[in-house]
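Each step along the sequence shown adds one to the number in the UniProt record's numbering, with nothing skipped, and position 925 is 925. Remarks on the structure that follows.
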Amino acid sequence: MKKIIWQNILAVSIAIAGINEAISADVQINSKVVQRNFVNLGFERVPDLKWRKSGEWGCRLENGAWTKSYCIFDQQGLEGWKTTAKYEGSMREIELWSAGQLVSGDQNWGPVAAEGKIYAELNSTTAAALYQNVCVSEKDVLNWSFSHRPRENISEQAGFFIANVINDQSTQNKITLDFTNISNGDKYLKKTDLLATDPGKINGNVLNTSWKNYSGENVALNKYLGGKKSAIMAFGFEALQTTGDAARGNWLDNIRLELNPGIEFSAESGSVIESATGTYHTVDFNVVGNVNNNVTIKFIIDQTKVSKPAQYRKNDQGDYKLYALNKDGSVKKEIVPIPDSSNSNILRFEYEMEYDSALKYDTGVTVKGLAIELFDNELSDGDRVVPFELDPEQTGLSVMDLRSCGDKVFSGFKYEILDDEVDLEVKKALLEKTPLPGQKVTYDIELFNHKDAVAQNVILKDEILANLNKDEAKLECIDFTNKAEGETCLAPLNNLDVASLFSKDGVKIGTIKGNTRYKFRVSNLTLNAQDSGQGNYAGIFANKITVSTSSNDIEPKNNEAIAENLYPAKSDLMNDHAAGTGEGLFVIDNDGKALWEQMAQDNKAYFPLKIKNTAKLNQEYQLYASSSAIQPTIAKQELSSLKKESIGSYTDQIKIEFFELSNGQCNSNIPSAKQITQLEVKAESIGEVCAVITIYPSAKDKYDIWFAIESIQTGLGDIIRDAVTSVPFVQRLLELLNDQKAQVNVGGSFVFLHRLLNHGTDDEKDISLQLVPVNGDDGFLYSLFVDKNNDGQLDAKDEMVTSLDQKYSLGKAEVLQLLVKVQSPATATNGMMSQIKLEAIPSNENQSILLESLINTDTVFVGSDQVQVTKTQLKREQCTSISAEEIKNATYTVNSQTIGANDCLIYKISIKNTGSEILRNIDVNDMYPAYTHKWELGHNILPMTSSGEVVEVKGDQVKTTILELLPQQEKSLYFGIKLN
């Protein structure tokens, strides 16, 4: 069942009340924002009296309250305003006034305020300045006004200034204004006028004059910013001239400093899963400043700025819709973006922010009424983005950095709609090749996410099915691969609970990124001492791994994997010869002599062998024939693997081949049977195989042969020892390798490589070659060439064979390489097939031993997904070290390489897509040859692929899956071998 989930990243707020109901009421910003507007300009927000200066003359109190005359406060208590005055004791002082006098005749009489009830005096204990640090932007213009009144002297003057930000370092001294990089003409927007004549005094020493108003408008503030987009500047009023007592003068009131409110998104980006439908997700932005009514905000969605823009939904098509919400989360109206008249890929819309008198906009408000609704398209089409932007040309607003008043403005908000279609695959494999009853076993679990989307809430669950005990189990994450680059496991995965893995709820893995692979290891499971498997699990030990996710997994079939392995059972190899059967496990020989010795007749000897499978399930057996003694890994045990490093090969002396034996006739008629290297034997039954020995001219009189079997399923085996004797003889023996298949495009071509070998005692002369179409004239063109430079490639140096009159000689032990080129017709259709026979005709003139013609048949298919497979090899004498990059860049050859006991060989299986379409999930399989074992090349470099895919080795099989192959792209599998 598809589950709905969502994320809250940065500013994409998803509030939940009731059942997925978005709450869209605007909220006060809790985090710190810059000061954008001027606060308490009229001084009417009076501080608490706890901030007053102590003593009789600190504050003119009456009955414990201040209602008349003056009161001096610590600047910390006055909202909005600071002072440059030096410290008096422990405070910088700001002096406020209210109309009236405390007692009759008191010279500290205050006139009525210019506006409201409260006003300030610039000269408190000294001539100083009152200021506010405010963030302004390059597009701001200032409108201003204030009222000024001299107190005692006609020379009193104040100046309205703009200076660089004032940083109060709490030193005792008076703060000096900083006008660096500000021209003289711009420092003071206004200096108050001096009185021309003395108007006389009232109430003792107060000038008999009135308040005077000053104003200005449209002051461009960019000239104060020094090229910055925004900066914090100090706006204030300074006492410029005072005659007489410096603690008296310059009353200030009725200030108006008007800036547009600032606006920006709450963050730069956010994301939500596309399946989070049925609810509204708010797109938040912040507003700071002087707001007293509704404000219209203009937005842009510029789809040209992202590679994969989300589409607005129309006519049941598209990814999202936009709405204005009421405070309770209900829809007020749909907002439909309008294409720009000059570019239809640029959309525009407006949103009206409702003013809320309960909120303090001057300290910052997050607006949450703009919402987006998602629509899941149920497709695996990647992530899409809604690139929101605040229109830089706002009316009555300034787009700016409200967090630090810097140049990094959240003017754009990339809203990612995350594709939730994932494809999780889990695999499980046993590490031990030959576990025995009672031993510990280990499993590797590979978890893949094959899609770009992130898989959410991933859970792994393991279940024991048969013959395993988990009491001492351990679990760890051992590898993490992202886009073929190995990395360490993420920290949360380093402490996984193995008990949870085996519980009904499973262990929580968390999120799995797109195109990633995790590798986990479950160790310390115990294989039961006795087979207790029931029903379908009789004779095996097994467990099942399951992966689940809350994302939409589009391919649930690969969400579980069962690791089934055959429970260890006896496998007995015997001669079908009454005098020396070798019946019983590891009854290898007869007191140091061969169990069965045969004399070769006409350079051939035939050994019928039997394999007894006591397991409850079928087993496949690898067949071996060794020139040296093979030993069991565990001596004196009925169940054991083989020491395959002791397997020796026959080079130019004898050849041993195995054939299926179904009719009991292991004799000269056997070559018509199927040649094999493995044999499947049904459960609790006996299989038969015929070992055919061919004696070459270089053979000695007698050879001991150690026959052995190894179960592909369990790794357990058995060994017997036989022998063959011969007398010197003359032999003619040619071999033509081998039948092949290929696929070509319509009108395409392919070249098959064949090899003609002389195993005889003498040179062969006058060999003729020809091509014989199997289907007559079917439109396919075939050509035959002799590979003159033996490079396996068709080039100008190669000789074309056009007639039977062309004769070729082949010395003993020599090889002739032949190239067959096929060209499909331009009129061919996909699925067409053609066949050609390559015939090598020996000359029997003046020969006592007559040879028949040798034939290989090549088959070609027509298809668009053409795959070309080439196998080449690289010899490493003395098994010298080589790096992974050197392996990829080395020069390989198609020619056979002869290696000694201390040499190694690297095989390269190249897969090339010669078609025009992308190919995916190409399985590549090969096998380690008989009498060899894996060469890992230190630090487990081999096996490997050129593009980093996982390579699996099971028994003697090596396999990988190439996930993707582009047209004309080639990737390779490499594996190394060494003689046993």
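A virtual CB, placed ideally from N, CA and C, is assigned to each residue, including glycine. Quick caveat: nothing in here was measured; it's all calculated off a predicted structure.
Sorting Ala594, Gly747, Leu573, Ala673 by C-alpha distance to the C-alpha of Ser685 places Leu573 at the top. Every beta strand (DSSP E) of 3 residues or more that sits fully in the segment 206 to 267 is shown, in chain order, as 212 to 220, 230 to 241, 251 to 258, 262 to 265.
Just so you know, the alpha carbons of Ser404 and Gly364 end up roughly 13 angstroms apart.
For the pair Asp383 and Leu347, the CB atoms are not nearer than the 7 angstroms cut-off. Shown here for Asn603: same chain residues with a beta carbon closer than 7 angstroms to its own, the five before and five after excluded, namely Thr694, Ile695, Phe729, Gln731 in chain order. For Ser137, there is no enclosing alpha helix (DSSP H); the enclosing beta strand (DSSP E) covers residues 129 to 137. Close CB contacts of Met832 within its chain, under the 6 angstroms cut and outside five residues either way in sequence, are with Val862 (chain order).
Residue state for Lys50 is assigned as helix, using DSSP reduced to three classes.
Where Val367 is concerned, the enclosing beta strand (DSSP E) starts and stops at 365 to 367. Contact between Gln75 and Trp81 holds, with the beta-carbon distance rounding to 7 angstroms and staying under 8 angstroms. Glu688 sits away from Gln675, with the two beta carbons spaced by 7 angstroms or more. Asn30 and Lys360 have their C-alpha atoms roughly 12 angstroms apart. Rounded to the nearest whole angstrom, the C-alpha separation of Thr870 and Asn524 is 42 angstroms. Distance from the CA of Ile338 to the CA of Asn515, rounded to the nearest whole angstrom, comes to 37 angstroms. Taking C-beta atoms under 8 angstroms as the contact rule, Leu965 and Ile909 fail to qualify, at a distance of about 13 angstroms. The C-alpha of Phe659 lies about 9 angstroms from the C-alpha of Leu679. Cβ atoms of Lys201 and Leu207 come within 8 angstroms of each other, at about 6 angstroms. Counting along the chain, the unbroken alpha helix (DSSP H) around Ala884 starts and ends at 884 to 889.
In the structure shown, Ala625 falls within a strand segment according to DSSP collapsed to helix, strand and coil. A straight line joining the alpha-carbon of Phe388 with that of Glu258 spans about 29 angstroms. Put simply, the backbone Cα of Ser411 is about 21 angstroms away from that of Lys321. Restricting attention to Leu102, Lys86, Gln35, Val27, the CA atom closest to the CA of Trp57 is found in Leu102.
Every alpha helix (DSSP H) of 4 residues or more that sits fully in the UniProt domain "DUF11" (423 to 562) is shown, in chain order, as 498 to 501. Beta-carbon to beta-carbon, Lys570 and Thr614 are separated by about 5 angstroms, close enough to satisfy the 8 angstroms threshold. When Asn222, Glu152, Ile255 are compared, the shortest CA-CA separation from Glu115 is found for Ile255. By the CB criterion at 7 angstroms, Val822 and Val860 fall inside the cutoff. Here Val547 really is in contact with Val458; their C-beta atoms are around 6 angstroms apart, less than 8 angstroms.
A straight line joining the alpha-carbon of Lys332 with that of Val27 spans about 18 angstroms. When secondary structure is reduced to three states using DSSP, Glu645 falls in the helix class. Within 10 angstroms of the beta-carbon of Leu804 lie fewer than 16 other beta-carbons, which makes it exposed. Secondary structure of Thr282 (DSSP, three-state): strand.
DSSP places Lys305 in the helix class (H, G or I) of the three-state scheme. Close CB contacts of Glu373 within its chain, under the 6 angstroms cut and outside five residues either way in sequence, are with Tyr280, Lys321 (chain order). The criterion of a C-beta distance shorter than 7 angstroms is not satisfied by Asn856 and Glu645. Scanning the segment 770 to 827 for uninterrupted alpha helix (DSSP H) segments of 4 residues or longer gives nothing; none is fully contained.
Gln35 sits in coil when the DSSP states are folded into three classes, being neither helix nor strand.
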